Structures are given as structure tokens and as C-alpha cells.
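Structure first, commentary second.
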Amino acid sequence: MAIVRPKEAYHALTTEQMNKHLRVPEWNIRQKLALTCRILADEGHESALAGQITARGEKPGTYWMLSFGLGFDEAQASNIVLCDDDLNLLEGDGMVNPSNRFHLWIYRHRPQVNAIVHTHPPYCSALSLLGEPLAAAHMDTAMFHDDCAFLPHWPGPPIGDEEGEIIHNALGDKRAILLAHHGQLCACTTMEEAAVLSVFIERAARMQLLARAVGPIQKLDPAAAKEAHDYRLKPRAVGATFHYYARRTLRKNAEALE
Ligand SMILES: [Zn+2]
3 MAIVRPKEAY HALTTEQMNK HLRVPEWNIR QKLALTCRIL ADEGHESALA
53 GQITARGEKP GTYWMLSFGL GFDEAQASNI VLCDDDLNLL EGDGMVNPSN
103 RFHLWIYRHR PQVNAIVHTH PPYCSALSLL GEPLAAAHMD TAMFHDDCAF
153 LPHWPGPPIG DEEGEIIHNA LGDKRAILLA HHGQLCACTT MEEAAVLSVF
203 IERAARMQLL ARAVGPIQKL DPAAAKEAHD YRLKPRAVGA TFHYYARRTL
253 RKNAEALE
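Quick note on the numbering used here: the sequence shown kicks off at 3 and runs consecutively.
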């Protein structure tokens, strides 16, 4: 006779097994940030020097970032610098990225956010020209269901405080945002989650453009989408996905950890 259980039982079992089996190396935050840069370079997020990846430092009001002037594909743990709440260099040999001022606005207003990835990848950038929000209409991209905001106008290069206020207000309490005429941003509790979401928001934008070229997009059932959203964001599943992308990038970029 077939075994039939409520779906919650399978979710609980999956979580338990993930916690047991999906272990990831204990990289420090500089290594995780460098790995995120390399992963996103491999995934086509590179746009010369545009885009920034930051993480909270251990001391309140401090932030890690890639030294300005380097591309994502040049990131190493040793060229990640630490700055204060006004972008003054505290640690490391390099230049603080002046475009990171708008990240500070998000960190100030979202105490749970510990990592931010902002990039201009080709499909998110193309979608951002159309004036329509991201459609989270596929199982693989359900983590954006009711979790991706949209800023419908472009406030200019985000080096001032006004742009920080506009972007953090538009983001609200969501994890991601599509920025018109600009790109994408993911603000998450961990570096791993910000990295994985950034890979998948670009995938979602690519799917949306492919589907929209043929016809209108059918929406997901909200209850099923919410279930898939939570499933995709289980911390161990996110960690394992990050670990997979990290292994892939480390096979050719082992120096990223140095
Ligand atoms: Zn940007």
C-alpha cells in the first residue's frame, strides 16, 4: 500500500536531513565576500566597475567591501577592505567604493540585513528598461514571490544620500528590488543568501524576457508560491547552493580565498 503523509511531514524531514548532511566550510566574511564577487563574475554580473557587494563588520557601524577599482573577477579575501559608517577606510590596503553610500541607508534601517549585493547584470538591466516589476512565476525563482520590490524611476547614480533614502524606502522589508534603468539589489541576513538570490534574480529576469517575447505571463498560485518561497530559502538549502557555486568558481579561481 502506498504511504501517504501530510506534506508538512516531508518538509520537516527535508529540513532535518539538510541540517545533517549539507555542511559548508567555515569561510570568514572576507572569503565569502570574495567568493560572492567571483561567483557573480562567472554568472555574467560583471559590468566593469559597476555594482557593489558589502557585508556588515563585527563591530557595529563597520562594513566590508571590495576595494574600488577592482572587478568582481579580481576579488580575493586580501583585497576586501573595511570602512566606517561614513565610508572612511578602517582596515585594508585600497579605496572605499563611494557608490556604497546607499548600502549604508539600507543597513541603518534594516538591522537584520548583514549583506547586500547590487549588480547590473544583462537580463535584469534589460528588464529594468521596460517599466515592469519582476515576475516570480517559476518554481526556481519563487524565492522572489512577494519578496521583490520595484523602483519605477531612476534617481541618478547612487552616490548621494537622496538615492539611499529613495532605494531603501522602495525596498521596504523585502529581500530584493528591481531598480528601473539600473539593475538589481538583494539585501539579506547572510552573504550566502544575497549571493544565491542575485544569481537567481538574473535567472528570473531572463525567463521573464523569454516568456514575455511570446505572450503574457501566467501567475503562480499564491499559496503554492509562498510554500516554494519558504522552501527555497531554507538556510541550509541556500548554504548548499552557495557552496556549489563556490566550488565551481574555486576550481579555476582558488586564489579567491587568499
Ligand atoms: Zn548600480
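Backbone N, C-alpha and C fix where the C-beta goes; we use that ideal spot for every residue, glycine too. Given the structure is predicted, the values throughout are model-derived calculations rather than measurements.
CB residue 38 to CB residue 119, shorter than 8 Å? Here residue 38 corresponds to residue number 36 of the sequence shown, with the count starting at 1. Here residue 119 corresponds to residue number 117 of the sequence shown, with the count starting at 1. It is a contact, given that the beta carbons lie within the stated cut-off.
Coarse secondary structure for residue 20, derived from DSSP in three states: If you number the sequence shown from 1, residue 20 lands on position 18. Helix.
Would you mind giving the Cβ-Cβ distance between residue 19 and residue 129, rounded to the nearest angstrom? I have them listed as a contact below 8 Å. Mapped onto the sequence shown, residue 19 falls at position 17. Mapped onto the sequence shown, residue 129 falls at position 127. Actually they are not in contact, since the Cβ atoms of residue 19 and residue 129 sit about 36 Å apart, beyond 8 Å.
Reducing DSSP to helix, strand and coil, say where residue 120 ends up. As a position in the sequence shown, residue 120 is number 118, starting the count at 1. DSSP places residue 120 in strand when its eight states are reduced to three.
Just how far apart, CA to CA, sit residue 163 and residue 90? Indexing the sequence shown from 1 puts residue 163 at position 161. Indexing the sequence shown from 1 puts residue 90 at position 88. So the alpha carbons of these two residues sit roughly 16 Å apart.
Nearest residue (CA-CA) to residue 106, options 76, 17, 222, 63: Taking the first residue of the sequence shown as 1, we reach residue 106 at position 104. Answer by Cα proximity: 63.
By the 10 Å Cβ neighbour count, where 16 or more other Cβ atoms means buried, how is residue 254 classified, buried or exposed? Counted from its first residue, the sequence shown places residue 254 at position 252. Looking at its Cβ environment, which holds fewer than 16 other Cβ atoms inside 10 Å, residue 254 is exposed.
To the nearest angstrom, report how far apart residue 232 and residue 142 are at their CA atoms. Translated into the one-based positions of the sequence shown, residue 232 becomes position 230. Translated into the one-based positions of the sequence shown, residue 142 becomes position 140. Distance between the alpha carbons of residue 232 and residue 142 is about 12 Å.
Where the beta strand (DSSP E) containing residue 156 begins and where it ends: Numbered from 1 along the sequence shown, position 154 holds the residue referred to as residue 156. Where residue 156 is concerned, there is no enclosing beta strand (DSSP E), given that its DSSP letter is neither H nor E.
Between residue 1 and residue 215, what straight-line distance do the alpha-carbon atoms span, to the nearest angstrom? Examination of residue 1 is not possible in this model, given that the chain is present from 3 through 260 alone.
Over what stretch of residues does the alpha helix (DSSP H) that includes residue 241 continue unbroken? Reading the sequence shown from its first residue, position 239 is the one you call residue 241. Where residue 241 is concerned, the enclosing alpha helix (DSSP H) stretches over 237-252.
Run the Cβ filter for me: residues under 7 Å from any heavy atom of ligand 1, listed in the order they occur in the chain. Around ligand 1, the residues whose beta-carbon falls short of 7 Å from at least one of its heavy atoms are 52, 53, 101, 120, 122, 160, 184, 185, given in chain order.
Go ahead and pull the three-state DSSP assignment for residue 108. Here residue 108 is taken as the residue at index 106 of the sequence shown, counted from 1. Here DSSP, grouped into helix, strand and coil, assigns residue 108 to helix.
When you compare the CB positions of residue 41 and residue 192, do they come within less than 8 Å of one another, or not? On the sequence shown, residue 41 is found 39 positions in, with the first residue counted as 1. On the sequence shown, residue 192 is found 190 positions in, with the first residue counted as 1. No, Cβ-Cβ distance for residue 41 and residue 192 is not below 8 Å.
By the three-class DSSP mapping on this structure, what secondary structure does residue 33 have? As a first step, residue 33 must be located in the sequence shown, where it is residue number 31. Here residue 33 sits in helix by DSSP.
Pull up the distance between the alpha-carbon of residue 69 and that of residue 33, whole angstroms please. Working through the sequence shown from its first residue, we reach residue 69 at position 67. Working through the sequence shown from its first residue, we reach residue 33 at position 31. Across the structure, residue 69 and residue 33 are spaced so that their CA atoms are roughly 14 Å apart.
Own chain, CB closer than 7 Å to residue 133, minus 5 neighbours either side, in chain order: Looking up residue 133 in the sequence shown gives position 131. Residues 154, 182 of the same chain have their beta carbon placed closer than 7 Å to that of residue 133, with the five preceding and five following residues left out of the count.
Counting along the chain, where does the alpha helix (DSSP H) carrying residue 166 start and finish? Taking the sequence shown and counting its residues from 1, one reaches residue 166 at position 164. For residue 166, the uninterrupted alpha helix (DSSP H) segment begins and ends at 163-173.
Tell me which residue opens and which closes the beta strand (DSSP E) that residue 229 is part of. Within the sequence shown, the letter at position 227 stands for residue 229. No beta strand (DSSP E) contains residue 229, which is instead part of the alpha helix (DSSP H) from 224-234.
For chain D, find out if any of its Cβ atoms is closer than 8 Å to the Cβ of residue 45; answer yes or no. Chain labels in this structure do not include chain D; a single protein chain is all it has.
Nearest-angstrom beta carbon gap, residue 52 and residue 122 [assumed within contact, 8 Å]: Taking the sequence shown and counting its residues from 1, one reaches residue 122 at position 120. Taking the sequence shown and counting its residues from 1, one reaches residue 52 at position 50. The Cβ separation is near 5 Å, so the contact holds.
Leaving aside the five residues before and after residue 17 along the sequence, list all residues of the same chain whose C-beta is less than 7 Å from its C-beta, in chain order. As a working note, residue 17 is residue 15 in the sequence shown. Within the same chain, residue 17 has close Cβ partners 236.
Using alpha carbons as the reference points, say which of 117, 24, 48 lies closest to residue 66. To locate residue 66, count along the sequence shown from 1; it is residue 64. Among 117, 24, 48, the Cα nearest to that of residue 66 is on 117.
If we ignore side chains and look at the alpha-carbon of each, how far apart do residue 169 and residue 104 end up? If you number the sequence shown from 1, residue 169 lands on position 167. If you number the sequence shown from 1, residue 104 lands on position 102. Linking residue 169 to residue 104 through their CA atoms gives a straight-line distance of about 7 Å.
Do residue 189 and residue 82 come within 8 Å of each other at the CB atom, strictly closer than that value? Position 80 of the sequence shown, counted from the first residue, corresponds to residue 82. Position 187 of the sequence shown, counted from the first residue, corresponds to residue 189. The answer is no: Cβ separation not under 8 Å.
Would you kindly work out how many angstroms separate the C-alpha atoms of residue 201 and residue 8, rounded to a whole number? Taking the first residue of the sequence shown as position 1, residue 201 is located at position 199. Taking the first residue of the sequence shown as position 1, residue 8 is located at position 6. The alpha-carbon atoms of residue 201 and residue 8 are separated by roughly 32 Å.
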